[in-house]
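Participant: Numbering (the working numbering), first residue to last: 1068 to 1384.
Handing you this structure, nothing more for now.
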């Protein structure tokens, strides 16, 4: 129960019952928030497996994207059919556009993982919240705030820390460039999804976007022989599609009533922490001082932006 109590009930026993009901609702809400925090924390950490898996699976990046998207799309469509979720007719064209942006995001990300160290890719990728905050005024009106401009300079300083030493590998530069391109594509996809696809269910949208992404890069699979695909390739595709695409996006939809967008963004930072540690353990890519310094700059900017959103009480749509 909410609002001011009815004065006519002040002397009765009803307020006691109502108070207990309010407490039960509050406890239930707090419990849901705690569970949501735990689930999103685990989802954030689990996303750190993506880089090491892509690195360890001996397979071309684009067919790997296709496999990931097919597995995710099948599972997401199954969930949508069972729960009656769908994309509205008016949103279909825009969903296709966003699907191609998602395809580009996945492709550039996987190519970046193949080019250079996982920790460099993750840190460069995680500039996307800052890129989003700078691009949003272009699509929704207004202009970037002073805080966002300062944060952009801080992020730039962080990226500069990731540069290779003189004479360093060209693959490293290419990998960081691909990761930054992936961040831009992901930001554009998120902004356009919010602006153009307003009426449809988020899970149904993701189901169709992964379908579009699979179709977009299906030509890369021409000439591939199933007999040449090892068990590690199949397991990698299944893991990427189920545990690191379909399940995290389903969780995000389920917890959006209980967590702010800023909270989810902060928890997403755990992907970088988990990814760097897992890359160190699984593929022996220890972070350097420059990587740690660059990560510190970028994390400071991203968390500052997220904290500002949190203080404004921004809830997810």
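No residue lacks a Cβ here, since even glycine has one placed at the ideal position from N, Cα and C.
1. Assuming residue 1256 and residue 1172 form a contact by the criterion Cβ under 8 Å, report the distance between their Cβ atoms to the nearest whole angstrom.
2. Less than 7 Å between C-beta atoms, sequence neighbours within five positions excluded: which residues of the same chain meet that for residue 1118?
3. Apply the 10 Å Cβ neighbour rule to residue 1280 and answer buried if 16 or more other Cβ atoms are within range, or exposed otherwise.
4. How many angstroms separate the CA atom of residue 1078 from the CA atom of residue 1218?
5. Output needed for residue 1091: all residues of its chain with C-beta closer than 8 Å, excluding positions within five of it in sequence on either side, in chain order.
6. Quick check on this structure: which residue in 1357, 1371 and 1370 has the alpha carbon closest to the alpha carbon of residue 1224?
7. Given this structure, state the Cα-to-Cα distance separating residue 1370 from residue 1175, to the nearest angstrom.
8. When the distance is taken between beta carbons, is residue 1137 closer than 8 Å to residue 1303?
9. Residue range of the alpha helix (DSSP H) that residue 1354 falls in?
10. Mind checking residue 1204: buried by the 16 CB within 10 Å criterion, or exposed?
11. Measuring straight from C-alpha to C-alpha, what distance separates residue 1299 and residue 1237?
12. Classify residue 1351: buried if its beta carbon has 16 or more other beta carbons within 10 angstroms, exposed otherwise.
13. Along the chain, where does the alpha helix (DSSP H) containing residue 1114 start, and where does it finish?
14. Spatial neighbours of residue 1178 within its chain, please: C-beta separation below 7 Å, excluding the five flanking residues on both sides.
Facilitator: With the given structure in hand:
1. The residue you call residue 1256 lines up with position 189 of the chain shown. The residue you call residue 1172 lines up with position 105 of the chain shown. With 8 Å as the limit, residue 1256 and residue 1172 qualify as a contact, their Cβ atoms being about 6 Å apart.
2. Mapped onto the chain shown, residue 1118 falls at position 51. Closer than 7 Å at the Cβ level, and outside the excluded window around residue 1118, lie 1180, 1185, 1188, 1189, 1342 and 1346.
3. Residue numbering aside, residue 1280 sits at position 213 when the chain shown is read from its first letter. By the neighbour-count rule (16 or more Cβ atoms within 10 Å), residue 1280 is buried.
4. Taking the first residue of the chain shown as 1, we reach residue 1078 at position 11. Taking the first residue of the chain shown as 1, we reach residue 1218 at position 151. Note that residue 1078 has pLDDT 38, beneath the 50 cutoff, so the model's placement of it is unreliable and the number below is only indicative. C-alpha separation (whole angstroms): 56 Å.
5. Taking the first residue of the chain shown as position 1, residue 1091 is located at position 24. In this prediction, residue 1091 scores a pLDDT of 44, lower than 50, which makes its location untrustworthy; the coordinate-derived value is nonetheless stated afterwards. Excluding residues within five positions, none has a Cβ falling inside 8 Å.
6. For the purposes of this step, residue 1224 is taken as the residue at position 157 of the chain shown. It is 1357.
7. Here residue 1370 refers to the residue found at position 303 when the chain shown is read from its first residue. Here residue 1175 refers to the residue found at position 108 when the chain shown is read from its first residue. Their backbone Cα atoms lie some 25 Å apart in a straight line.
8. Numbered from 1 along the chain shown, position 236 holds the residue referred to as residue 1303. Numbered from 1 along the chain shown, position 70 holds the residue referred to as residue 1137. No, the Cβ-Cβ distance between residue 1303 and residue 1137 is not below 8 Å.
9. The sequence position of residue 1354 within the chain shown is 287, counting from 1. Residue 1354: not part of any alpha helix (DSSP H); DSSP gives it neither H nor E.
10. Reading the chain shown from its first residue, position 137 is the one you call residue 1204. So residue 1204 counts as exposed.
11. Reading the chain shown from its first residue, position 232 is the one you call residue 1299. Reading the chain shown from its first residue, position 170 is the one you call residue 1237. Taking the straight line from one Cα to the other gives about 29 Å.
12. In the chain shown, counting from the first residue as 1, residue 1351 sits at position 284. Its Cβ having fewer than 16 others within 10 Å, residue 1351 is exposed.
13. Locating residue 1114 in the chain shown gives position 47, counting from the first residue. No alpha helix (DSSP H) contains residue 1114, which DSSP labels as neither H nor E.
14. Residue 1178 sits at position 111 when you count from the first residue of the chain shown. Excluding positions up to five away in sequence, the list reads 1128 and 1245.
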